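When the letters of the sequence shown are read in order and numbered with the working numbering, they come out as residues 2 to 149.
In this text, a Cβ means the ideal position worked out from N, Cα and C, and glycines have one as well.
Since this is a predicted model, take the numbers as computed values, not measurements.
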Amino acid sequence: MKPVFHVLAGTTAMLIIAGFWTSTLVSELFMDHAAVAAVKLGIVYGLFLLVPCLAATGGSGFVLGKSRTERLLDQKKKRMRIIAANGLFVMIPSALFLNYKAAAGEFDVSFYAVQLVELVVGAVQLTLMGMNFRDGLRLATGHRPPIG
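And the structure:
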């Protein structure tokens, strides 16, 4: 049951982040400021689902991996530290700041600078999570990547 929980939590978190990223990009490129503000508010509300999913993914991954010592597992742990730090110190503060600015109608240089950082770090998050997903499948199936 633990592996299924881990996969569901991780997949849900990845899909939420992908949804945040896509809705941000679409609203910024093709919609008005009211739509951007609505997306920013939706993202803040979405954090109440995303944060527990990420915590569940990390916690269940820790439990699943505590008796294993594979190189892939070490790589996953290193990436999870980066994912967690990016989330706590960049993504959540950015989401709150952007929601505040959008709600106030302040679409200024600071808004777009933080928006750009959020999009870049969001893409990094998705890439790292995808790599962890791939390596988790390898660990679960016993398939090992070639050395080198």
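Quiz item: So which of A114, L127, L99, E119 has the shortest CA-CA distance to M81?
Solution: L127
Practice problem: Report yes or no: do three or more beta-carbon pairs, one from the stretch 64-77 and one from the stretch 130-139, lie closer than 8 Å? | Solution: yes
Quiz item: Does the pairing of the stretch 71-78 with the stretch 106-122 give three or more beta-carbon distances under 8 Å?
Solution: no
Quiz item: Alpha carbon to alpha carbon, what distance is there between G88 and S61?
Solution: 18 Å
Quiz item: Tell me which same chain residues have a C-beta within less than 7 Å of the C-beta of G149, skipping the five on either side of it?
Solution: Per-residue confidence for G149 stands at a pLDDT of 49, beneath the threshold of 50, marking its modelled position as unreliable; the derived number appears in the next sentence. Correct list: empty, nothing qualifies.
Quiz item: What residue from G11, V37, V5 has the CA that sits closest to A85's CA?
Solution: G11
Exercise. Measuring alpha carbon to alpha carbon, tell me which of K78, C54, Y101, L26 ends up nearest L16.
Key: C54
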